[in-house]
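Novice: Note that the sequence shown covers residues 1 to 113 in the numbering used here.
Even glycine gets a Cβ: it sits at the ideal position worked out from N, Cα and C.
After the structure tokens below, expect a handful of questions from me.
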Amino acid sequence: MSHGIKVPAGNMVFVSGQVARNAQGELVGKGDIFAQTRQTLENLKSVLEAGGATMDDVVKVTVFVTNVVEHYTQIHAARAEYFKSDYPASTMVEVSSLVDPDMLIEIEAIAVV
Numbered sequence: 001m002s003h004g005i006k007v008p009a010g011n012m013v014f015v016s017g018q019v020a021r022n023a024q025g026e027l028v029g030k031g032d033i034f035a036q037t038r039q040t041l042e043n044l045k046s047v048l049e050a051g052g053a054t055m056d057d058v059v060k061v062t063v064f065v066t067n068v069v070e071h072y073t074q075i076h077a078a079r080a081e082y083f084k085s086d087y088p089a090s091t092m093v094e095v096s097s098l099v100d101p102d103m104l105i106e107i108e109a110i111a112v113v
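So, in structure tokens, the structure goes:
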């Protein structure tokens, strides 16, 4: 899990890129985009809660993924478990790789509380 920083910018919480690592720093779901997306969103949820926000407060996400065409459907399915009402404004960017070659996804977010 990465970190989040709450800054004095009104009632906003900015969360840096979250990845599919558990509390022990181990990659969750090697080769499995659905599992990696769920772990990444769990990490995002935890950081938001530490900053006084919830998933419902998220207004913008940027999703970095290693293969948009191959993974889009499963990413969308996992996101539906976490964003129950309106989806936040979203940008999905395909990247050649992430910090760990086995990582498939990274998500950063902005929330307004």
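Return helix, strand or coil for F83, following the three-state DSSP convention.
Specialist: Sequence index remark: in the sequence shown, residue 83 carries index 83 (1-based). Of the three classes helix, strand and coil, the one that applies to F83 here is coil, per DSSP.
Novice: Can you tell which of N43, M12, V15 and I33 has the C-alpha that lies nearest to the C-alpha of R21?
Specialist: The sequence position of residue 21 within the sequence shown is 21, counting from 1. Comparing Cα positions, the closest option is N43.
Novice: I need the boundaries of the alpha helix (DSSP H) containing E42, first residue and last residue.
Specialist: For this step, residue 42 is matched to residue 42 along the sequence shown. I33 to A50 is the span of the alpha helix (DSSP H), which, as asked, contains E42.
Novice: Under three-state DSSP, which class holds Q24?
Specialist: Working through the sequence shown from its first residue, we reach residue 24 at position 24. It is coil, neither helix nor strand.
Novice: So, under 8 Å CB-CB, V112 and V59 are touching, yes? Tell me the CB distance rounded to an integer number of Å.
Specialist: For the purposes of this step, residue 112 is identified with residue 112 of the sequence shown, where counting begins at 1. For the purposes of this step, residue 59 is identified with residue 59 of the sequence shown, where counting begins at 1. Indeed, because the Cβ distance is near 5 Å, the residues count as touching under 8 Å.
Novice: Identify the residues that DSSP records as bridge partners of A109: which are they?
Specialist: Taking the first residue of the sequence shown as 1, we reach residue 109 at position 109. Paired residue(s): V15 and V61.
Novice: Buried or exposed, going by whether 16 or more other CB atoms sit within 10 Å of the CB of V65?
Specialist: By one-based count along the sequence shown, residue 65 stands at place 65. Result: buried.
Novice: For T62 and I105, I'd like the C-alpha separation in whole angstroms.
Specialist: Here residue 62 refers to the residue found at position 62 of the sequence shown. Here residue 105 refers to the residue found at position 105 of the sequence shown. Roughly 10 Å separates the two Cα atoms.
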